[in-house]
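Everything below concerns the one structure shown next.
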Amino acid sequence: MDNLLDGLNRAQRLAVTSPSLALQVLAPPGSGKTKTLTARVSYLIAERGLKPWNIIVCTFTVKAAREMKERIKDLVGDGLEKKLILGTFHSVARRFLVSYGNLIGIDKNFGIADTSDSRAIITRIIKRQGFSIEPGSAGARLSSLKAKSISAEQYGVTRKAAEQEFSIVYAEYEEALRTSNLLDYDDLLLRCALLLRQHPECVSNIEAVLIDEFQDTNIVQFELMCLFSQFKKNATIVGDPDQSIYGWRNAEIKNLERMEKRFPGTDVIHLEENYRSAGAILQSAQQIIEQDESRPAKALKPTFGIGDRPVLRKLPTADAEAKWLVSEIRRTQALSAELLKPNDFAILLRSAAVSRHIESALGNSGIPYRMVGGTKFFDRIEVKMVLDYLRVINQPDHNDALLRIINVPTRGVGDVTIKGLIDEAERKGSTLWTIVLNIVQGKARSDIKLSAQGLKGLTDLVNLVLTGRKKITGTEDQQASPFELVEYLIKKLELSEFLQKKYPDDYETRWANIEELKAQTADLTAAMARGEEFLEEEVLPDIEGLEQRLINPNEDALTLFLANIALSSEAQRKEDENPDELQQHVTISTIHAAKGLEWPVVFIPACYEGSIPHSRADDIDEERRLLYVGMTRAQALLYLSCPNKNSQSGETTMSHFLTQRGIEAFFETQGPKLYDDAVVELARTLRRDKPALKLLIEARSTYETPEDTHWPIDGTFPKSENTRW
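Everything in the sequence shown is counted per UniProt numbering, starting at 1 for the first residue and increasing by one.
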């Protein structure tokens, strides 16, 4: 057991070895929560004798699931990590629905409607009905209702016209999903909960349930945790109410209280030691979060030295703020004798809308940067096009996938014709594929008048899809793998020529994305060839007296591949696997997207009323927690700044989170001086070798402006600056 507990502090050991069936581990930023949760899973297997296939572990991102699996592998070995039911809530729910969904009438080959599918369906319904609802807000409201387990039937029709419109949208949206044999992300959780309520025997084998980032769970996810653990009542959660920042995604901070009521005798263990940030950063962050007097008092103890106090800087304009920020990146890099690299810097924003001046300043200075939350790999036009063809081959009734590719590449089927086809399908209660197939095969009359070119185009499309379907439904030795299907599509669509003609300026980049997609499907094909190893991560354990639908690695490979893509919360790129091989760059990210990450140096610009707290925020306490999360991403240096004028030249007022009485004592008004001893402390905090004293002396003597004195601390312009900005 010693190796499981090596490197854990007292509180972490108590959490890992706790005999309590119901356990809450409250873990503030940087306190080693993932390490603790991983060790508890390993402890349950190695010391308590639980079988890994009887343990469910739910995370909130694919990346977190992958990291946890790797750590468990290191602790218990023997391939046991692959036998765990481990993944995001949505991926775990999908596995149960694939195996047992037939018990509640769900077809094994159901598809998953991604965000763009859902948006397209909602938009089409609103246009057809002539409603005034905004599609984006309708989608968010619909998801919010589902997160509270309120179905279209339960919502019903009310007297208000606006409510009646939304009720119709909700009902027709659900019908559109049913017609296309699709479940959206919310449905995966709702239907899994329905399955486990009606057929609890599906989880009769489950001995323990462990949930990461519990403060981010919604009501349905909380219910799923209870349903997963309904036989043994053994549930461990790790979370931090101070980091609950997803209220807009229907996360329920009250789930911690609900758990204590649902699981009497719940044990609560607090992790208090922080292994990420310098003491001064933690002190300032604690001052911010303690402004919420309703939260329970919790300590946050640094394990590093105090370090440099965070900076709270005033600048005259958003443009000046961006220029100052760039100058600080250059200055700290230089004075640390390159101890700090571009990858060590992050600029965290409450809203991506304020990034314009910052991106411009970085670009003008030649500092490479990347935007987190840019176009994800599977959302790139050329990749999504191929995936949509695969979706249609796998599931022809997927209306929205078919809509997106029906005239791509161009087949002479115009927008008016496409609208007529989908309208006819919806009017007849049919699918778009059925209408198109009947037209091409002359099986039914259609109201749509097609040109000869349009009819030929649809005929070519139907032949392509039917041939693709034959490739996945033939005899076992003739079934095509996902890799072979992608190769087939590239050839039949003349994809290289199409991309070269349509995107001549960045053809190479787009074709490289297609090559990357081929590589991913090749990896899947290789996994299929390994047989059992591939299935281990999909099949649930056998339960006596309960028949499970079997997965055929050949027949179901495409379905599994497409499902994993739909559930993937980030692009699985080589950058993720080999961070050291990346080009060095500064990261720009929203605070939401930065949760769970850390950087040596963090900047949080635009700290004014209307930005943070955001002007449209309903929950001020959540906005405060958001600033707290942003501040605690920093390991060594933290900068907050506020321009007197925003990017639209409007006057600003500094965030009231930063103007509370006594708060100024925890911040400096200028950047750190970074003398030799400060750089040595910086290296110690980052666990890096300290630069040679000679290099530090040379850096300070040769750098033009070794201190942060160019911009006055009162937020005015330097006297030498042109103030016409």
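Don't be surprised by glycine CBs; every beta carbon is placed ideally from N, CA and C.
Check	Outcome
Between LEU80 and ILE126, which are expected to be in contact by the criterion C-beta below 8 Å, what is the C-beta distance as a whole number of angstroms?	Not confirmed; about 50 Å, so no contact.
Measuring only the C-alpha atoms, how far is MET68 from ILE211?	12 Å
From ASP186, ASN255, LEU682, SER116, pick the residue whose C-alpha is nearest to that of GLY239; which is it?	ASN255
What residue range is occupied by the uninterrupted alpha helix (DSSP H) comprising THR317?	Per DSSP, THR317 belongs to no alpha helix (DSSP H); it is in the beta strand (DSSP E), 311 to 317.
Going by other Cβ atoms of all chains shown within 10 Å of its Cβ, with 16 needed for buried, is VAL25 buried or exposed?	buried
Nearest to LEU455 by alpha carbon, out of LYS73, PHE214, GLN479, THR410?	THR410
Beta carbon of ILE448, beta carbon of LEU489: below 8 Å?	no
Would you tell me roughly how many angstroms separate the C-alpha atoms of ALA27 and ASP78, rounded to the nearest one?	30 Å
Straight-line CA distance for LYS690 to GLY30?	23 Å
Assign HIS398 to one of two classes, buried (16 or more other C-beta atoms within 10 Å of its C-beta) or exposed (fewer than that).	buried
For the region 342 to 367, which segments carrying the alpha helix (DSSP H) assignment without a break, of at least 4 residues, lie completely within its bounds, in sequence order?	356 to 364
Within the same chain, show all residues whose beta-carbon is closer than 6 Å to that of GLU328, passing over the 5 residues directly before and after it, in chain order.	GLY671
Starting from the Cα of VAL311, find the closest Cα among VAL629, VAL16, THR669, LYS82 and give me that residue.	THR669
Between the alpha carbons of ASP708 and LEU640, how many angstroms are there, rounded?	14 Å
Give me, in chain order, the residues of the same chain whose beta-carbon lies closer than 6 Å to that of GLU260; leave out the 5 immediate sequence neighbours on both sides.	THR266
With DSSP run on the structure shown, which of helix, strand or coil describes THR525?	helix
On a CA-only basis, which of ALA15, GLY105, ASP621, THR590 is nearest VAL354? Give me that one, please.	THR590
Since TRP599 is in the beta strand (DSSP E), which residue starts that stretch and which ends it?	599 to 604
Relative to the alpha-carbon of PRO241, which residue among LYS233, VAL209, ILE253, GLU508 has its alpha-carbon at the smallest distance?	ILE253
Rounded to whole angstroms, what's the CA-CA distance from PHE498 to ASN438? Just pull it up for me.	28 Å
Pop quiz: VAL602 and LEU638 are said to be a contact at Cβ under 8 Å. What is the actual Cβ separation, rounded to whole angstroms?	5 Å
Leaving aside the five residues before and after GLU681 along the sequence, list all residues of the same chain whose C-beta is less than 7 Å from its C-beta, in chain order.	GLY305, GLY307
When we look at the beta-carbon of GLY715 and count the other beta-carbons within 10 Å, is it buried (16 or more) or exposed?	buried
By Cβ distance below 7 Å, which residues in the same chain neighbour VAL92 in space, the five residues on each side in sequence not counted?	ILE56, CYS58, ILE85
Give, in chain order, every unbroken run of the beta strand (DSSP E) that is at least 3 residues long and sits entirely within the region 67 to 144.	85 to 88, 111 to 113
Indicate whether ARG331 and THR702 have their beta-carbon atoms separated by less than 8 Å.	no
Jot down the residue ranges of each uninterrupted alpha helix (DSSP H) in the region 409 to 484, minimum 4 residues, whole runs only, in chain order.	415 to 427, 432 to 441, 452 to 473
Hey, could you find the ends of the beta strand (DSSP E) ALA268 is sitting in?	The question names Ala, but residue 268 is Val in the sequence shown. First-last of the beta strand (DSSP E) with VAL268: 267 to 270.
Pick out whichever of PHE666, ASP621, TRP711, ALA563 has its Cα sitting closest to the Cα of LYS108.	ALA563
For the candidate residues PRO718, VAL41, ALA636, GLY156, whose alpha-carbon lies nearest to that of PRO302?	ALA636
Would you kindly report the start and end of the unbroken alpha helix (DSSP H) that includes GLU189?	Residue 189 is actually Leu in this sequence, not Glu. Residues 185 to 198.
Could you tell me which residues DSSP pairs with HIS614 in its beta bridges?	GLY610
Could you tell me the alpha carbon to alpha carbon distance between VAL169 and ARG661, rounded to whole angstroms?	50 Å
Contact between the region 35 to 45 and the region 15 to 22 is defined here as three or more beta-carbon pairs at a separation below 8 Å; is this criterion met?	yes
Leaving out five residues before and five after ASN343 in sequence, what residues of the same chain have Cβ atoms less than 6 Å from its Cβ?	GLN584
Suppose you measure from the CA of CYS607 to the CA of ALA665; what does that come to, to the nearest Å?	18 Å
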